[in-house]
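*Asks:* Pasting a structure here, questions to come.
In my numbering, the protein residues as written are 201 to 385.
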């Protein structure tokens, strides 16, 4: 089996807990168990929440600084990701959520030159106007999500019911992949 260098990027992680956070954690840990070098880029330092293998993977790289204002924080995230990704030279970049992780992955593609896979976990592409749900309700996020999905190499969604939302968000039919997770314990 070929061992890959995988940069995983998420804008939400532990201690905030939900389905997406567990999916990212378990995927990173399982890929590391299978021998891949996984670099997990999270908003804040999260080593205490990750089960690291004997080779030290997945490695956690925090992108944000607590208490920073939005502009300096965004600048820091871009700088830290670009600097780290240039050093790592990943075989692929896997971003969770089209905004903002997916956007960061596609705009830095000239630096890392790796294929970009974006996994949507619903909130980034689904819109339910009646209850004010969805990132695409704001015009600028809708624009950035659309751009991210047009520029990525593959778009994975966590349920097949999200296909319509994926295509409305800018995903290309040929890049669309339903993602079925099976957990065995």
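Glycine included, every Cβ here is placed at the ideal spot set by N, Cα and C.
Answer yes or no: do residue 357 and residue 366 have a C-beta to C-beta separation smaller than 8 Å?
*Replies:* Along the chain shown, one-based indexing puts residue 357 at 157. Along the chain shown, one-based indexing puts residue 366 at 166. Cβ distance < 8 Å, so residue 357 and residue 366 count as in contact.
*Asks:* Alpha carbon to alpha carbon, how far is residue 348 from residue 302? Give it in angstroms, no decimals.
*Replies:* The residue you call residue 302 lines up with position 102 of the chain shown. The residue you call residue 348 lines up with position 148 of the chain shown. If you take the alpha carbons of residue 302 and residue 348, they lie about 6 Å apart.
*Asks:* Tell me the rounded alpha-carbon separation between residue 208 and residue 285.
*Replies:* The count along the chain shown starts at 1 and reaches residue 208 at position 8. The count along the chain shown starts at 1 and reaches residue 285 at position 85. Each residue's Cα considered, the two are about 11 Å apart.
*Asks:* Which residue from 315, 312, 309 and 322 puts its Cα closest to that of residue 298?
*Replies:* For the purposes of this step, residue 298 is taken as the residue at position 98 of the chain shown. Closest option to residue 298, Cα to Cα, is 322.
*Asks:* Provide the residue span of the alpha helix (DSSP H) that contains residue 228, from first to last.
*Replies:* Reading the chain shown from its first residue, position 28 is the one you call residue 228. Taken as a continuous stretch (DSSP letters only), the alpha helix (DSSP H) holding residue 228 covers 219 to 233.
*Asks:* In terms of residue numbering, what span does the alpha helix (DSSP H) encompassing residue 369 cover?
*Replies:* Locating residue 369 in the chain shown gives position 169, where the first residue counts as 1. It is not in any alpha helix (DSSP H) - residue 369 carries neither H nor E in the DSSP assignment.
*Asks:* Starting from residue 260, trace the alpha helix (DSSP H) in both directions and tell me its first and last residue.
*Replies:* Here residue 260 refers to the residue found at position 60 when the chain shown is read from its first residue. Not the alpha helix (DSSP H): residue 260 falls in the beta strand (DSSP E), residues 259 to 262.
*Asks:* What are the residues that DSSP puts in a beta bridge with residue 237?
*Replies:* For the purposes of this step, residue 237 is identified with residue 37 of the chain shown, where counting begins at 1. 205.
*Asks:* To which residues of the same chain is residue 280 closer than 6 Å at the C-beta, ignoring the five residues directly before and after it?
*Replies:* Here residue 280 corresponds to residue number 80 of the chain shown, with the count starting at 1. Contacts found: 263.
*Asks:* So, is residue 397 buried or exposed, given that buried needs 16 or more other C-beta atoms within 10 angstroms?
*Replies:* Here the chain covers residues 201 to 385 and nothing more, so residue 397 does not appear.
*Asks:* Run through DSSP, which three-state label would residue 212 get?
*Replies:* Taking the chain shown and counting its residues from 1, one reaches residue 212 at position 12. If DSSP states are grouped into helix, strand and coil, residue 212 belongs with coil.
*Asks:* Helix, strand or coil: how does DSSP classify residue 361 here?
*Replies:* In the chain shown, residue 361 corresponds to position 161, counting from 1. Helix, per DSSP.
*Asks:* Exposed or buried, what is residue 318 when buried is set at 16 or more other beta-carbons lying within 10 Å of its beta-carbon?
*Replies:* As a working note, residue 318 is residue 118 in the chain shown. The residue is buried, with at least 16 neighbouring Cβ atoms inside 10 Å.
*Asks:* I believe residue 305 touches residue 293 by the beta-carbon criterion, under 8 Å. Please report the beta-carbon distance rounded to the nearest angstrom.
*Replies:* On the chain shown, residue 305 is found 105 positions in, with the first residue counted as 1. On the chain shown, residue 293 is found 93 positions in, with the first residue counted as 1. Correct: roughly 5 Å between the Cβ atoms.
*Asks:* So residue 376 is in the beta strand (DSSP E); what residue range does that whole segment cover?
*Replies:* Taking the first residue of the chain shown as position 1, residue 376 is located at position 176. Where residue 376 is concerned, the enclosing beta strand (DSSP E) stretches over 376 to 378.
*Asks:* Pull up the distance between the alpha-carbon of residue 278 and that of residue 360, whole angstroms please.
*Replies:* Mapped onto the chain shown, residue 278 falls at position 78. Mapped onto the chain shown, residue 360 falls at position 160. Near 32 Å, if we compare the C-alpha coordinates of residue 360 and residue 278.
*Asks:* How far does the alpha helix (DSSP H) with residue 348 in it extend, from its first residue to its last?
*Replies:* As a first step, residue 348 must be located in the chain shown, where it is residue number 148. Counting along the chain, the alpha helix (DSSP H) containing residue 348 begins and ends at 339 to 351.
*Asks:* Out of 282, 202 and 216, which has the shortest C-alpha to C-alpha gap to residue 310?
*Replies:* The sequence position of residue 310 within the chain shown is 110, counting from 1. The shortest Cα separation from residue 310 among 282, 202 and 216 belongs to 282.
*Asks:* Below 8 Å CB to CB, which residues in the same chain sit around residue 258 once its five sequence neighbours on both sides are set aside?
*Replies:* Counting from 1 along the chain shown, the entry for residue 258 is found at position 58. Excluding positions up to five away in sequence, the list reads 208, 228, 229, 231, 232, 238, 239, 240, 250 and 252.
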